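Trainee: Sharing a structure here in structure tokens format.
Residue numbers (my numbering): 9 to 123.
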């Protein structure tokens, strides 16, 4: 049995291996920035109970941890209580909803990149 084009296929796979990390890095970075923006929009639209000072929005940012590792950070001391709620306060889910929305977009972007 003879395989035609095996060398070309292996060369193409090697090129893809070299280029894919940079492209995936761009996808991860852009999607994290979009998720941070969606988180800020959720904060502004959902914090309507009279305690909005803007502190949480000013402390919501995108942070780069590594080449392929970014995160949306809500760095206010009480951000977790606002997101998850307490026994006295209902959850607002401003970060969770942004994550689930952006997760689908990021998976679609990575799928498009691979195809």
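Every residue, glycine too, gets a C-beta built ideally from N, C-alpha and C.
Just so we're clear, the structure is a prediction, and the values are computed from it rather than from any experiment.
In the DSSP output, which residue or residues are listed as bridge partners for residue 63?
Mentor: The sequence position of residue 63 within the chain shown is 55, counting from 1. Partner(s): none; residue 63 has no beta bridge.
Trainee: Does the distance from the CB of residue 114 to the CB of residue 35 come in under 8 Å?
Mentor: Counting from one through the chain shown, the residue named residue 114 turns up at place 106. Counting from one through the chain shown, the residue named residue 35 turns up at place 27. Yes, the Cβ-Cβ distance between residue 114 and residue 35 is below 8 Å.
Trainee: Quick one, which of 71, 67 and 77 has its alpha-carbon nearest residue 88's?
Mentor: The residue labelled residue 88 in the question sits at position 80 within the chain shown. When only C-alpha atoms are compared, the closest one is 67.
Trainee: Hey, residue 70 and residue 80: beta-carbon distance below 8 Å or not?
Mentor: Within the chain shown, residue 70 is the residue found at index 62, counting from 1. Within the chain shown, residue 80 is the residue found at index 72, counting from 1. Against a cut-off of 8 Å, the Cβ pair of residue 80 and residue 70 comes out as a contact.
Trainee: Could you spell out where the beta strand (DSSP E) holding residue 109 opens and where it closes?
Mentor: Residue numbering aside, residue 109 sits at position 101 when the chain shown is read from its first letter. Premise fails: residue 109 lies in the alpha helix (DSSP H), 102 to 122, not in any beta strand (DSSP E).
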